[in-house]
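Below is one structure, written out as structure tokens, with a few remarks after it.
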Amino acid sequence: MAQASRLDRSPVAVWWWTIDRWFLAAFLLLMGLGIVLSFAASPAVAERIGLDSFHFADRQIIYTIPALGVMLAVSFLDARQIRRLSLAILCVMLVLMVAVLYIGVEVKGARRWVSIIGLSIQPSEFLKPAFVVVCAWLFAEHKRQPDIPGNLFSMILLVLVISLLIAQPDLGQTMLVSGTWGIMFFMAGLSWIWIVLLGAGGVLGLFAAYEVFPHVSGRINRFLTGEGDTYQVDMGREALINGGWFGVGPGEGTYKRLIPDSHADFVFAVAGEEFGLVLCFFIMLIFAFIVIRGLNKALKEQDDFTRYAVGGLVTVFGLQAIINMCVNLQLIPAKGMTLPFISYGGSSQIAIALSMGMVLALTRKKPERRKSLGLADFVQRTMAAE
């Protein structure tokens with residue numbers, strides 16, 4: 047029966063036998079944890095602002111359904127379709143990021159959201175995976191044909207994206223995009239002189255941000271001195287301490303009720319308080335598994351585009367998770383950054399699902415799929431395609 051299933055050439059059967067099921071299981075597990083932790087973290091926030099206790103938890107489930115659909119649908123695509131989809135998304139999101147500066151919703155002095163037919167969208171979330179894939183294509187084209195200025199075009203694109211992010215302003219996403227681009231450029235074989243120049247540019251950029259943006263200097267100063275409004279990060283730390291190794295039990299957390307963004311940026315602290323550091327370490331292991339497995343597959347990949355794209359997508363995924371968890375642990379200055387698949391948020395949830403759907407699509411087992419056709423059948427199909 048199993049053998050017959052492997053010989054089934056329907057799209058779903060081929061998808062099932064070629065997909066990386068370890069990746070798929072890890073993504074589904076994170077989605078499930080996001081729903082569970084939403085029920086733990088969000089009721090206090092909802093009640094505090096006069097909403098139904100499970101308002102955010104219900105919406106988390108609602109967001110997860112289309113996110114799962116997007117991830118699975120994208121995972122059926124091939125590399126060429128991924129490139130075309132990413133280019134289209136990149137163009138649309140660049141337009142929306144310009145529109146955000148004029149018609150976007152202002153929250154805490156920043157314009158990052160735009161409302162379209164009643165739906166609030168954060169274009170920068172969808173821009174990230176598209177940016178990574180398009181840059182991967184440019185790097186790969188330059189390596190394939192050095193006379194194609196792919197590296198130069200990727201630099202121009204990086205400057206454009208960073209300029210739009212700074213204009214919002216969104217320094218966290220700026221650092222995330224820049225760091226990911228730098229790692230991809232390193233994977234593409236940049237020289238040491240470029241590494242030094244880019245490193246120096248990054249340091250100068252941080253100093254410039256500290257001098258130009260008051261909210262950046264304020265967060266860094268509060269982190270270094272402990273003076274000023276550190277209420278939310280202090281409560282997040284106390285929640286983790288209160289939970290200990292095994293937590294106080296589901297629904298029994300007390301500090302979570304005092305954290306304004308317990309359902310979003312500080313859901314990791316809620317996980318620690320109610321389920322203990324054991325769950326926190328488990329969540330860390332899941333993210334580490336995804337990143338390490340993704341980078342390992344990227345290193346083994348023969349196709350340059352696939353190698354850069356997979357490496358870049360899991361890098362931005364992992365860096366975002368690291369930033370969120372480090373803020374919860376007070377290891378870096380506070381920065382609004384969601385924990386992928388776990389924090390509350392529609393745009394973030396669907397955009398990350400899009401990104402991981404691309405990873406699933408690009409890591410499908412193409413060589414094994416060809417072998418299963420049989421040598422004669424494979425040669426015949428190849429000649430027909432030519």
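Okay, so the sequence shown: first residue is 47 according to my numbering, each after it adds one.
The C-beta atom is built at its ideal place from N, Cα and C for all residues, glycine as well.
It should be emphasised that the depicted structure is a prediction, and the values quoted were computed from it without experimental measurement.
Tell me the DSSP bridge mates of residue i?
i      : result
SER132 : DSSP output for SER132 lists no bridge partner at all.
TRP159 : VAL151
Sorted by chain position, which residues of the same chain lie with C-beta nearer than 6 Å to residue i's C-beta, five sequence neighbours on each side aside?
i      : result
ALA315 : GLY282, ALA285, LEU286, ASN374
LEU323 : TRP291
ALA380 : ARG265, VAL279, VAL373
MET371 : PHE314
ARG182 : A small correction: the amino acid at residue 182 is Ala; Arg does not occupy that position in the sequence shown. These residues qualify, in order along the chain: PHE351, TYR354, ALA355, GLY358.
GLU257 : none
ILE329 : none
SER132 : ALA176, VAL179, VAL180
GLY80  : PHE387, ILE388
What residues in its chain sit with their C-beta under 7 Å from that of residue i, if we drop five residues either side in the sequence?
i     : result
ALA90 : LYS302, ARG303, SER308
Quick one: give me the first and last residue of the alpha helix (DSSP H) that residue i is part of.
i      : result
SER166 : Where SER166 is concerned, there is no enclosing alpha helix (DSSP H), although the beta strand (DSSP E) it sits in stretches over 165-167.
TRP62  : 57-64
GLN395 : 392-408
VAL294 : Counting along the chain, VAL294 falls outside any alpha helix (DSSP H), and DSSP gives it neither H nor E.
PRO112 : 101-120
PHE69  : 67-94
ILE287 : 277-289
GLY318 : 313-321
If you run the structure through DSSP and keep just helix, strand and coil, what is residue i?
i      : result
ALA234 : coil
VAL205 : helix
LYS381 : coil
THR352 : helix
GLU347 : coil
TRP227 : helix
ILE388 : coil
GLN49  : Because GLN49 carries a pLDDT of 42, less than 50, the predicted location of this residue cannot be relied on, and the following value inherits that uncertainty. If DSSP states are grouped into helix, strand and coil, GLN49 belongs with the helices.
GLN191 : coil
GLY264 : helix
THR271 : helix
LYS411 : coil
ALA367 : helix
SER308 : coil
GLY245 : helix
THR361 : helix
GLY218 : helix
Please work out which residues of its chain come closer than 8 Å, Cβ to Cβ, to residue i, disregarding the five sequence neighbours upstream and downstream, and give them in chain order.
i      : result
GLY218 : ILE369, LYS381, GLY382, MET383
GLU93  : SER99
THR110 : MET77, GLY80, ILE81, GLN395
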